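Visitor: Numbered according to the numbering used here, the sequence shown spans residues 117 to 546.
The beta-carbon is built from N, C-alpha and C at its ideal position, and this holds for glycine as well.
Since we're looking at a predicted model, the values are computed, not measured.
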Amino acid sequence: MERVVNLCKRRGLVFPSSDIYGGFRSTWDYGPLGVLLKRNVKDAWWRSMVQLRDDVVGLDSAILMHPRVWEASGHVATFSDPLVDCKQCKSRFRQDHLPESGACPNCGTKGSFTEARQFNLMFKTHVGPVEDEANAAYLRPETAQGIFVNFKNVQTTSRLKPPFGIAQVGKSFRNEITPGNFIFRTREFEQREMEFFVPPADGPKWFDYWVQARHDWYIEHGIPESSITVRPHDTDELSHYSTGTSDIEYAYPWGWGELEGIAQRTDFDLTQHAKFSGEDLNYFDQESGEHYVPHVIEPAAGADRAALAFLLSAYDEEEVNGDKRTVLRLHKRLAPIKVAVLPLSKNEQLAPITSEIASKLRPYLMIDSDVSGAIGRRYRRQDEVGTPYCVTVDFDSLEDSAVTVRERDSMQQTRIPIADVVAYLREQFD
Ligand SMILES: [Zn+2]
C-alpha cells in the first residue's frame, strides 16, 4: 500500500487536496496521470454498461436536488451513524466502532461516554442568500435518487420497457466520521450507479445476473480472481430499502473491503417518490394491460476505490538483469498513457520522425513523448505508470524507415515500418 501511495504522489497520480496548506481531511486531487486513470475506469464502466447494451441509457442529474427527495428516500430520517462523545477528552466516536473494553480509544478512560446521538451523514447547505430551514439543501449522498426522480422522464422519452436501466457517473458526498485508507473512503467521492427497472417477479433473476456481470467486469479489467469475492449481506446489515444486497469485495492490504454493492431496492424508491411528489410512477405494460411499479436492481460502484484496487493489483516489482523494475500491469483500457514515443537520443536527426509519429497517434491515443535521459531509464518511467507500448526512434530508423515497438509486460521489442506503426498501435487498443 505504502509503495502504491508513494508512486501516486511521485508520478502525479494522486496528491493530497490543498497540499500546500498541509492537505485537507482525507480529500485527494487526481494529477495529470491520475485523472486519466480515473477517467478510463469510468469510461470502461460506461462502455460496458451503456455503450455495449441496448437496454441501458445514461443520465447526468444535478448534485443539488429538491430537499423533499431526501425525505422520500429515507436519508433525512435514517442515513445516520450513532455517535458518542468521551466526556473526559471530548473525542467523538462511532458507537458501533468502540472497543469491547468500553475504554475511550483516545484517552483510555472507561465508561466516560455520553448517550449515543444520531449523526446524519448528509452535507447540508443553503441555496440562495438566506441561511434558514426553508432554503436548506443537501449535497447528494448517492447519485441513485437523481435516476429515480427522472424515471418517468427517461422512460417516456426513450420509450424503453422494463427490463431497462439508467446509468449515471458523478460525485456524491457523505460526511463520514472515519474516512481513510487513502482514496478508499473519502467524504467527496465519485460513483458509478445503474438502476435497472424490472417487472417485480423478475427481481431475483436480474439480481443474480448483475452480481455475476459486475464481478466479471473486474476480472476482465485485470483484478485477479483470488483478490475478489462476492459477499451477501446479513439481514442486519441491509439498508432500509433493500431485500438483498451482495458486495463485491476486494482484498485490500488492510483486509477485504467493498468495491461495489449490488442491491435489490425493490419498488421502495419509486413508491416513496410517487407518494411524496404526487406523481404517478407506475409503468403501464400495454401487452399485459398491467400497471405496476417496477422493482430495481442497483449495481453501485465507487470510481475512486476501483481505481485504487486496479492500482494495487497492477503494481509489481521484478528483477531484470540485476535491476529492480517497477511496473504497473494495468489493463490497456485503463492505462493513463497508451503509447510513449521516444527518440533514442536528443540528436536532432531523430526529432522529425519522432514528432511525426507522435502527431499521427495523438488523435487516437493518449500519448507521451519524453526525450530526457537514457532510453533504459525512460522505459522504466513508462513501466512505472503502466504505459503499454513504447515506440523508439533510433538511428537505424533513418535507414530502414522502421521503429522499435516495446511491449510493457514482456518487454519484447518488435521492428515495425513507420508507415504501419499508427495502424499497428491502434489495433492493439481495439
Ligand atoms: Zn477520551
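Could you check where the alpha helix (DSSP H) with L80 kicks off and where it finishes?
Guide: Absent from the structure is residue 80, since the part of the chain shown begins at 117 and ends at 546.
Visitor: Under 7 Å from any heavy atom of ligand 1, does the C-beta of S217 make it?
Guide: False, no ligand heavy atom lies under 7 Å from that Cβ.
Visitor: Can the beta-carbon of I473 be found less than 8 Å from the beta-carbon of V537?
Guide: In this structure, V537 lies closer than 8 Å to I473 by Cβ.
Visitor: Quick check: does the Cβ of Q261 come within less than 7 Å of any heavy atom belonging to ligand 1?
Guide: Because no heavy atom of ligand 1 lies under 7 Å away, the Cβ of Q261 does not count as near it: no.
Visitor: Does DSSP put V285 in a helix, in a strand, or in coil?
Guide: The answer is strand: DSSP assigns V285 an E or B state.
Visitor: Would a C-beta distance cut-off of 8 Å place P340 and S362 closer than the cut-off?
Guide: Contact flag unset, no.
Visitor: Given the structure, does T225 come close to ligand 1, in the sense that its CB is under 7 Å from one of the ligand's heavy atoms?
Guide: Yes - ligand 1 has a heavy atom lying nearer than 7 Å to the Cβ of T225.
Visitor: Quick test of your reading: L428 and G338, contact by CB under 8 Å. State the CB separation rounded to the nearest angstrom.
Guide: So it is not a contact: roughly 11 Å between Cβ atoms.
Visitor: Going by the beta-carbon positions, is the gap between Y334 and L276 smaller than 8 Å?
Guide: No, they are not a contact pair.
Visitor: Less than 7 Å between C-beta atoms, sequence neighbours within five positions excluded: which residues of the same chain meet that for A422?
Guide: Result list for A422: V157, L375, in chain order.
Visitor: Helix, strand or coil: which one does DSSP assign to L278?
Guide: It should be noted that the sequence gives Pro, not Leu, for residue 278. If DSSP states are grouped into helix, strand and coil, P278 belongs with coil.
Visitor: Among all the DSSP beta bridges, which residues are the ones paired with M165?
Guide: DSSP, once it has assigned bridges, lists no residue as partnering M165.
Visitor: Name the two residues that bound the continuous beta strand (DSSP E) containing Y254.
Guide: Note, Y254: beta strand (DSSP E), 252-254.
Visitor: Below 6 Å CB to CB, which residues in the same chain sit around G281 once its five sequence neighbours on both sides are set aside?
Guide: Once the five neighbours on either side are set aside, the close Cβ partners of G281 are V172, M310, F312.
Visitor: Can you check DSSP and say which residues form a bridge with M310?
Guide: Its beta-bridge partners are A283.
Visitor: Return yes when the C-beta of C556 is under 7 Å from any heavy atom of ligand 1, and no when it is not.
Guide: Here the chain comprises residues numbered 117 to 546, so residue 556 is not present and cannot be evaluated.
Visitor: Is the Cβ-Cβ distance between H191 and P257 less than 8 Å?
Guide: Yes, they are a contact pair.
Visitor: Could I get the ranges of all uninterrupted beta strand (DSSP E) runs contained in the segment 333-368, with 3 residues as the minimum, in chain order?
Guide: List check, beta strand (DSSP E) in window: 344-348, 360-368.
Visitor: Is there contact between the segment 410-425 and the segment 202-217, where contact requires at least three CB pairs shorter than 8 Å?
Guide: They do not touch, by the three-pair rule.
Visitor: Just checking S342 against ligand 1 - is the residue's beta carbon closer than 7 Å to any of the ligand's heavy atoms?
Guide: Incorrect: S342 has no Cβ contact closer than 7 Å to ligand 1.
Visitor: Does the distance between the C-beta of Q211 and the nearest non-hydrogen atom of ligand 1 fall short of 7 Å?
Guide: Checking every heavy atom of ligand 1 against the Cβ of Q211, none is found closer than 7 Å.
Visitor: Can you tell me whether L454 is buried or exposed? The criterion is at least 16 other CB atoms within 10 Å of its CB, across all chains shown.
Guide: The sequence given here places Lys at residue 454; Leu does not occur at that position. So K454 counts as buried.
Visitor: Taking the beta carbon of L129 as the centre, do at least 16 other beta carbons fall within 10 Å, making it buried, or is it exposed?
Guide: It counts as buried.
Visitor: Could you tell me if C223 is buried or exposed, where buried requires 16 or more neighbouring beta carbons within 10 angstroms of its beta carbon?
Guide: Exposed, by the Cβ-count rule.
Visitor: Quick one: residues in its chain with C-beta nearer than 8 Å to the C-beta of E353, no 5 flanking neighbours on either side, listed in chain order?
Guide: Same-chain partners within the cutoff: T361.
Visitor: Threshold first: 3 residues or longer. Then list the beta strand (DSSP E) segments lying entirely within the segment 163-233, N to C.
Guide: As far as the segment 163-233 is concerned, its whole beta strand (DSSP E) runs of at least 3 residues are 172-175, 196-201, 208-210.
Visitor: Regarding C220 and ligand 1, is the C-beta to nearest heavy atom distance less than 7 Å?
Guide: True, at least one ligand heavy atom lies under 7 Å from that Cβ.
Visitor: Comparing the CB of A228 with every heavy atom of ligand 1, is any distance shorter than 7 Å?
Guide: For the record, residue 228 in the displayed sequence is Ser; it is not Ala. Within the cutoff, so yes.
Visitor: Is I263 near L386, with beta carbons less than 8 Å apart?
Guide: No, the Cβ-Cβ distance between I263 and L386 is not below 8 Å.
Visitor: Hey, would you say the C-beta of S207 is under 7 Å away from at least one heavy atom of ligand 1?
Guide: Indeed, a heavy atom of ligand 1 lies less than 7 Å from the Cβ.
Visitor: Just checking my contact of V507 with L458 at CB under 8 Å: how many whole Å lie between their CB atoms?
Guide: At roughly 7 Å, the Cβ-Cβ gap stays under 8 Å, so V507 and L458 are in contact.
Visitor: Give the DSSP-derived three-state secondary structure of E395 in the structure shown.
Guide: Here E395 sits in coil by DSSP.
Visitor: For ligand 1, is there any heavy atom lying closer than 7 Å to the beta carbon of C202?
Guide: Result yes, Cβ under 7 Å from ligand 1.
Visitor: Opposite W372 in the DSSP bridges: which residues?
Guide: Per DSSP, A367.
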